[in-house]
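Participant:
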Amino acid sequence: MTLALLALALASYAWFLKGEALLRRWRGPMAGRARVERLRRWVARGWLLFGAVPLVALALLGQVDTLRRLPDAFVPLALAVRTALIGQGDPAATGLLAAAVAGGLAGGAGVGLLIAAWRRRRGRGDLHIGRIGGLLPRSCAELRWGAAVAITAGIVEELFFRLLLPLLVTQASGSALVGFGLATLLFGLAHGYQRLAGMVAATLVGGLFAALYLYSGALWLAMLAHVLLDLNSLVLRPAFAGAWRERH
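Each position in the sequence shown, counted from 1, maps to that position plus 948 in my numbering.
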């Protein structure tokens, strides 16, 4: 069962990558409606391949309860992560950790906006890691769908890359470290449309999300961090750049 579900998960990943390849060609001029349609299709594919497939797989494994608790197979690695981060102390309460994550991301977003404003006053474009400028929302309609993409990605990608895929690889290999290592690598490769710098950054961020999940034992906390990070990139910064003025 495990190997069959792992094959299903990897097939979903491959199918998703086939759609992601289209983003490499989505950099030049394009009508607003066409761009919105691409965003809609991305959201639908995300919920199907990284949302529905993991839920079905977890149900078949009898592991639906891992949506709200850390799988037993992850516990040794989670203890190692906690020990590496805080020694033998008790981990912070989840609510306090959530507030710290939200506050840290909000502070980072604020600094990013200040840097963007400073660059614009000097006639420079926005600074991005990887080639994503052509993918950012340019109108009110695109901002709304950018928010949908951010929320979708934050939820379903954590469900797939931080829970299902590591769990299946752990069960198949006997090593949670291998499970999270492979899942984090595939998470980075899924951002290939952002070119090398974007893939490296995504891999590092994926590792941070994995560490946050293992430290806290709360998948929803990793989802929250992911959603907030993507909302900054896909909504806040484009809106600050003036995308809200365009109505198409």
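Glycine included, every Cβ here is placed at the ideal spot set by N, Cα and C.
Quantities reported herein were computed from a predicted structural model and do not represent experimental measurements.
Ser-1121: beta carbon under 8 Å from a heavy atom of the ligand COA?
Facilitator: Absent from the structure shown: the ligand COA. Ligands present: none.
Participant: Ala-1166 by DSSP, collapsed to three states: which one?
Facilitator: Taking the sequence shown and counting its residues from 1, the one referred to as residue 1166 is at position 218. Three-state DSSP puts Ala-1166 in coil, outside helix and strand.
Participant: Say whether chain B places a C-beta atom closer than 9 Å to the C-beta of Trp-963.
Facilitator: Reference to chain B is not applicable here, since this structure consists of a single protein chain.
Participant: What's the C-alpha gap between Leu-1133 and Thr-1151?
Facilitator: Residue mapping note: residue 1133 aligns to position 185 of the sequence shown, counting from 1. Residue mapping note: residue 1151 aligns to position 203 of the sequence shown, counting from 1. Rounded to whole angstroms, Leu-1133 to Thr-1151 spans 6 Å at the Cα level.
Participant: Taking only the alpha-carbon atoms, compute the straight-line gap between Ala-1021 and Arg-988 and give it to the nearest angstrom.
Facilitator: If you number the sequence shown from 1, residue 1021 lands on position 73. If you number the sequence shown from 1, residue 988 lands on position 40. Their backbone Cα atoms lie some 36 Å apart in a straight line.
Participant: So, helix, strand or coil for Pro-1019, using DSSP?
Facilitator: The residue labelled residue 1019 in the question sits at position 71 within the sequence shown. Pro-1019: coil per DSSP, three-state reduction.
Participant: Determine the burial state of Leu-1091: buried for a count of at least 16 other Cβ atoms within 10 Å of its Cβ, exposed for fewer.
Facilitator: For the purposes of this step, residue 1091 is identified with residue 143 of the sequence shown, where counting begins at 1. So Leu-1091 counts as buried.
Participant: DSSP three-state label for His-1174, please.
Facilitator: Within the sequence shown, numbered from 1, the residue matching residue 1174 stands at position 226. Looking at His-1174 - three-state DSSP - the assignment turns out to be helix.
Participant: Taking 8 Å as the threshold, find out whether the stretch 1139-1146 comes into contact with the stretch 992-1002 through three or more Cβ pairs.
Facilitator: At 8 Å Cβ cutoff, the stretches do not touch.
Participant: Output the distance between the C-alpha atoms of Thr-1031 and Leu-1162, rounded to the nearest integer angstrom.
Facilitator: Position 83 of the sequence shown, counting from 1, holds the residue named residue 1031. Position 214 of the sequence shown, counting from 1, holds the residue named residue 1162. Cα-Cα distance, rounded: 11 Å.
Participant: Run the CB neighbour count on Glu-1106, radius 10 Å, all protein chains shown included, and call it buried at 16 or more, exposed below.
Facilitator: As a working note, residue 1106 is residue 158 in the sequence shown. Buried: at least 16 other Cβ atoms inside 10 Å.
Participant: Going straight from the alpha carbon of Val-1049 to that of Leu-1009, what length do you get?
Facilitator: As a first step, residue 1049 must be located in the sequence shown, where it is residue number 101. As a first step, residue 1009 must be located in the sequence shown, where it is residue number 61. Roughly 31 Å between the two C-alpha positions.
Participant: Using the beta-carbon count (16 or more within 10 Å), is Ala-1101 buried or exposed?
Facilitator: The residue labelled residue 1101 in the question sits at position 153 within the sequence shown. Buried, because 16 or more other Cβ atoms sit within 10 Å of the Cβ of Ala-1101.
Participant: For Tyr-961, which option in Leu-1027, Val-1012, Phe-1109 and Val-1148 has the closest C-alpha, if you only look at C-alpha atoms?
Facilitator: Counted from its first residue, the sequence shown places residue 961 at position 13. Nearest option by C-alpha distance: Phe-1109.
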